[in-house]
Amino acid sequence: MDQLENCKQDLTELETFLEQSKRPYVRSVLELSIENLKKKITSLSPKVEDKKEEKKTTIFYKQISNYSYAQDSTTMTIYVRLPGIGKIPRDNIKVEYTTSSVLLIITGYNDKNHKLFLSNLAKPILTNSTFKVRNNRVELILKKDGTDHWDSLKAKKSTITPPKVEKEKDEDPMGGLMNMMKKMYEEGDDQTKRMIAESWQKSREEQMKK
Numbered sequence: 001m002d003q004l005e006n007c008k009q010d011l012t013e014l015e016t017f018l019e020q021s022k023r024p025y026v027r028s029v030l031e032l033s034i035e036n037l038k039k040k041i042t043s044l045s046p047k048v049e050d051k052k053e054e055k056k057t058t059i060f061y062k063q064i065s066n067y068s069y070a071q072d073s074t075t076m077t078i079y080v081r082l083p084g085i086g087k088i089p090r091d092n093i094k095v096e097y098t099t100s101s102v103l104l105i106i107t108g109y110n111d112k113n114h115k116l117f118l119s120n121l122a123k124p125i126l127t128n129s130t131f132k133v134r135n136n137r138v139e140l141i142l143k144k145d146g147t148d149h150w151d152s153l154k155a156k157k158s159t160i161t162p163p164k165v166e167k168e169k170d171e172d173p174m175g176g177l178m179n180m181m182k183k184m185y186e187e188g189d190d191q192t193k194r195m196i197a198e199s200w201q202k203s204r205e206e207q208m209k210k
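Heads up, the sequence shown is in the UniProt record's numbering, so the first residue is 1 and it goes up one at a time.
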């Protein structure tokens, strides 16, 4: 991890401690360290040079929502009805498969771009699955990785709730603050070290009075 990223993480943690801290002197130490860290982050951040932004062409796709499917022992076939689709160039139709998803992209159909993306399929498929283009539809032929019958096209969402991880009872909520202040003392400038030392001294004196 580089120095800039370290400083950003330290800043986030210090700001969290500042929200939790109630003692005025501790808050002043934290505020000073936060201010110094912000200056350091600014100095470490690369300067952004003025560059002419290149115009990027954004491609918009119309989502395909209507389709049907049927299966046999080795394949699950998805039928996408698109009247006249057989007339457009084959290069305008692209299909990509992963073991759990299928992506159909069609460009220039009725002067628009269309897309169908199905993820989280019910069961694994082979990535060498194929497709066919008919006169009025596209057939996505998903090769099953096995011969199981699919109860549905997509997997059902799990209803299992993961268990909550309980914090240990003996965990010290201020331990992180003390560790951070020690780090600030070791890495800080003379003013920061002086303020932290005075804060620790006052804390010890108050503990002795109790």
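Every residue gets a Cβ at the ideal spot worked out from N, C-alpha and C, and that includes glycine. Predicted, not measured: the structure shown is a model, and the values here were computed from it.
Item	Value
Contact with chain D by Asp148, beta-carbon distance below 8 Å	The structure shown contains no chain D; it holds only a single protein chain.
Lys193 to Met181 span [Cα, whole Å]	10 Å
Close Cβ partners of Lys132 (< 8 Å) along its chain, the five nearest in sequence each way excluded	Val138, Glu139, Ile141
Own chain residues within Cβ distance below 8 Å of Thr99, not counting five before or after	Pro124, Ile125, Leu126, Thr127, Asp145
Range covered by the beta strand (DSSP E) that runs through Thr16	Not the beta strand (DSSP E): Thr16 falls in the alpha helix (DSSP H), residues 3–20.
Proximity below 8 Å, CB of Tyr67 to CB of Asn113	no
Same chain, Cβ closer than 7 Å to Gly108, neighbours up to 5 away in sequence not counted	Ile88, Asn92
Cβ-Cβ separation, Ile34 to Leu14 (assumed contact under 8 Å), whole Å	5 Å
Backbone CA spacing between Leu104 and Gln63 [nearest angstrom]	10 Å
Reference Asn136; option with closest CA among Ser101, Ser129, Gly84	Gly84
Short Cβ contact (8 Å threshold) for Ser129 with Tyr97	yes
Identity of the residue in Gln191, Lys94, Asn179 nearest Asn36 by Cα	Gln191
Cβ-heavy atom distance, Thr12 to the ligand MG, below 7 Å	The ligand content of the structure shown is nil, which means the ligand MG is not present either.
Buried or exposed (CB count within 10 angstroms, at least 16 for buried), Met208	exposed
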